[in-house]
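In what follows, a single structure is set out as structure tokens and then discussed.
In our numbering, the protein residues as written are 49 to 552.
So, in structure tokens, the structure goes:
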């Protein structure tokens, strides 16, 4: 191959991928071509030195600088170009076995950091380098499995070149254009779809779901995302729930990963069964549904590894949730992410936690819950798989929040941030309520913000400190004399070995 764009000589007989080439032959060819490259490099250097003795020489690639500075009519240009063509034709990449060369191309087109459209453009550019590369690229079906529906011409070519191997289909369209016409063509290849990712406005998603294949036997990943965000309740039905669409009758026996953002399908559909990954997210108004439906889905996914629910979950007011059924074991659960902002947020997340039995200490767990009212209380919990559970509670404590604490994984560090304007007795009661629902034999560090010393003493004295080793108090109000403050600190050091106090 020439760096000037001249194609490689395809008559080169030294095809190391050809039948009959043994390992010794391969080594001999490699050595012979390396020797030839060295001789050509010396010849190029000699020619350059004859013409421009003062030109700094680094490698044959520097000749491009020289050629660019020369007149196109100069006979030396053709001579240098010919030498470079021969030099580049002997490059090691041209004697790679075909399977290794195709593996290199595979990583070019399947780079997860690149969207399919850009990755496919890189593939097409690579195929234009020389006829040998083009022939290799066109003949390998695995290089044509990423199909972007917006790239109409490429998608038709990819469907043809991918032959019968599984394909990954992507549609990212955030404007108001209609669903691409090649979706109909793609339906003829539905049996080969392994992953389907659609990020589009509601009208495209609706059209897609209305014309969904009846069977997707190989599809293991389905992602539907609607970037349109409607926060008002009256708009919820326009993008939340697609009930009577053809996807309700689609058979997906291999589906393991399901992502829905801004799109809701009925959880009673069979595609919610047998999952290892489930992520459903809404922004704005939360979406609650019957507890029994949620319970049945979790029970139907015993191999669930990731469960991520944002503003969606079982309805706390559902009568079926009053008497809790037997918790479901999810031994493979490695990532649990729960987020809810609603008046019934704490009750909803408590139902979810109550449904799952024995969350592994090695699981990554994040929980965020708060009511959409001023100073109504916020709870956050995180554990990153190292038995390092960290709890944060802000503002007022309510009974539903307290009940949630009993269902969290072990808490090692707890932070309570009080409302400064609350009476000290109310702050003490809130703190005591929090500590009452924590296992003090597991809690190692307690961080208190805007909590009076007297309130901390009252709460810790009534609950007991268990294994608590560190007490960190920040923004402590000065609500007494210096002597009283010193006395309170001395009392705290008798309750907890390591105490640190910072006043406002």
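The beta carbon of each residue, even a glycine, is placed where N, CA and C say it ideally should be.
Assigned with DSSP and collapsed to three states, residue 297 falls in helix. Annotated three-state conformation of residue 185 is helix, per DSSP. Distance from the Cα of residue 194 is smallest, within the candidate group 534, 347, 157, for 157. For residue 440, the beta-bridge partners assigned by DSSP are 428, 463. For residue 310, there is no enclosing alpha helix (DSSP H), as DSSP gives it neither H nor E.
Between residue 477 and the set 459, 490, 502, the nearest pair of CA atoms involves 502. A residue is called buried once 16 or more other Cβ atoms fall within 10 Å of its Cβ, and residue 295 is buried on that count. Setting aside the 5 residues that flank it on each side, residue 384 is surrounded in the same chain by 355, 407, 411, 413, each with a C-beta closer than 7 Å to its C-beta; the list follows chain order. Residue 276 is positioned such that its CB atom lies closer than 8 Å to that of residue 250. Judged by beta-carbon spacing, residue 263 lies within the 8 Å limit of residue 299, meaning their Cβ atoms are closer than that value. Residue 224 and residue 244 do not touch by the CB rule: their CB atoms are close to 22 Å apart, not below 8 Å.
Residue pairing for residue 273: DSSP places it in a beta bridge opposite 247, 309. For residue 480, the uninterrupted alpha helix (DSSP H) run begins and ends at 472-484, by DSSP. Residue state for residue 552 is assigned as coil, using DSSP reduced to three classes.
The DSSP-derived three-state label of residue 268 is coil. The Cβ-Cβ distance between residue 499 and residue 516 does not fall below 8 Å. Taking C-alpha positions only, residue 345 is separated from residue 337 by approximately 12 Å. Annotation: residue 170 is outside any beta strand (DSSP E); the continuous alpha helix (DSSP H) that includes it extends over 164-175. Straight through space, the alpha carbons of residue 313 and residue 272 are spaced by roughly 10 Å. Distance from the CA atom of residue 173 to the CA atom of residue 455, rounded to whole angstroms, is 55 Å.
Residue pairing by DSSP puts residue 415 in a beta bridge opposite 386, 429.
Counting only runs that start and end inside the stretch 344-370, the beta strand (DSSP E) elements of at least 3 residues fall at 354-358, 360-362. Contact annotation: residue 138 and residue 85 have beta-carbon atoms nearer than 8 Å. Each residue's CA atom was taken as its position, placing residue 526 and residue 436 some 33 Å apart. Runs of the alpha helix (DSSP H) lying entirely within the stretch 503-544, each at least 4 residues long, are 530-543 in chain order. Under DSSP, the beta-bridge partners assigned to residue 496 are 464, 521.
Rounded to the nearest whole angstrom, the C-alpha separation of residue 541 and residue 302 is 59 Å. According to the DSSP assignment, residue 150 belongs to the alpha helix (DSSP H) that extends over 146-157. In this structure, residue 459 lies away from residue 483, with their beta-carbon atoms at least 8 Å apart.
Annotation for residue 218: 164, 196, 245 place their beta carbon closer than 6 Å to its own, counting only its chain and skipping 5 residues before and after. The three-state reading of DSSP puts residue 327 in strand, counting E and B together.
When the Cα atoms are used, residue 373 and residue 220 turn out to be separated by approximately 41 Å. Sixteen is the threshold: when 16 or more other Cβ atoms of the shown chains lie within 10 Å of the Cβ of residue 136, as they do, the residue is buried. In the structure shown, the three-state DSSP call for residue 221 is strand. Cβ-Cβ distances below 7 Å link residue 199 to 165, 168 in the same chain, with the five nearest sequence neighbours on each side left out; the list follows chain order. Residue 242 sits in a strand when the DSSP states are folded into three classes.
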